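In mature numbering (1 follows the signal peptide of the UniProt record, and there is no 0), the protein residues as written are -18 to -1, 1 to 310. In this text, a Cβ means the ideal position worked out from N, Cα and C, and glycines have one as well. Remember, it's a predicted structure, so these values are computed and weren't measured experimentally. Read through the structure below, which is laid out as structure tokens, and then see the notes.
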């Protein structure tokens, strides 16, 4: 099903102008060429807004605006830190997931990447750097023509249930990075929605109109916040105190940003009531995620996970650049 042309037409009224301006910049970089040094999937420079965006809190002391994209390899790389932060300080913050539209189309042809096949090797390198499972061969076998469909699908999922939407995006990423599924195709989006227990008929209806508007709002807000790449986190206490963390950083960077805004926040160390306690919270875990959350080495994490696998308590999916364990 060819859904990209319609989506671009619907969104173009507010986003394509800035993208057109960026094409005039000879020093632009391809957004899929993520920099492991600064941990960013950077967007080409576009319009800069001087408008001040106030981030209001709702139910918890801190709100985090998280700009991401389902196909952002650096965002996949920080899943260990983000999952740990939720476990240890989840009582103090809520996350508002915003979609950035990392790849509108393949007109971004600089920065060493001019066609989908150029991304394959880069993703394999990113996998080794972040120690997270990524198979770049999806760009050789069934390449995506845009990240817009998956971004809009995420907005449609949020319209149904915000928690299910987070699970939905995790499934989309696992399909992309491990199963080499083209998540710009509706059939793969629908399959992920079913696994996330979303109403696929409603998702499709919202995907075609209302979710497009929400995605457009995210793009506009990104311009107002001067988002330049992904992941980008805006921490706010609702009193004009705001901190920004750009890119993939060690866990302490995200923890410290939160503690600046909530100095008396108490860390809640995760308690392993049994060998599968962590999997009861996160049904799928890469060894790196397990290691970061449990504060152990990657080698020790792999030993523990392999022992649980041997005992028949876990399943394992292995790809050329790593593995993912899941509870049975």
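- The region 33 to 45 makes contact with the region 188 to 208: 3 or more CB pairs, one atom from each, lie closer than 8 Å.
- One alpha carbon belongs to residue 102, the other to residue 123, and they sit about 10 Å apart.
- Ranked by Cα distance from residue 64, the first of 164, 97, 82 and 231 is 231.
- Residue 221 has its alpha-carbon roughly 43 Å from the corresponding atom of residue 305.
- When the five nearest sequence neighbours on each side are left out, the beta carbons in the same chain lying within less than 6 Å of the beta carbon of residue 67 are those of 236, in order along the chain.
- Nearest in C-alpha terms to residue 105, of all of 41, 17 and 192, is 17.
- Counting the other Cβ atoms within 10 Å of the Cβ of residue 70 gives 16 or more, which makes it buried.
- The three-state reading of DSSP puts residue 74 in coil, since its state is none of H, G, I, E or B.
- Counting C-beta pairs with one atom in each stretch, the region 124 to 144 and the region 278 to 289 have fewer than three that are closer than 8 Å, which means they do not touch.
- Rounded to whole angstroms, residue 265 and residue 243 show a C-alpha spacing of 31 Å.
- Restricting attention to 269, 74 and 173, the CA atom closest to the CA of residue 246 is found in 74.
- Restricting attention to 197, 152, 239 and 228, the CA atom closest to the CA of residue 61 is found in 152.
- Of the residues assessed, residue 287 falls on the buried side of the cut-off, its CB having 16 or more other CB atoms within 10 angstroms.
- Look at the beta carbons and you see the region 112 to 122 not touching the region 171 to 190: under three pairs across the two are nearer than 8 Å.
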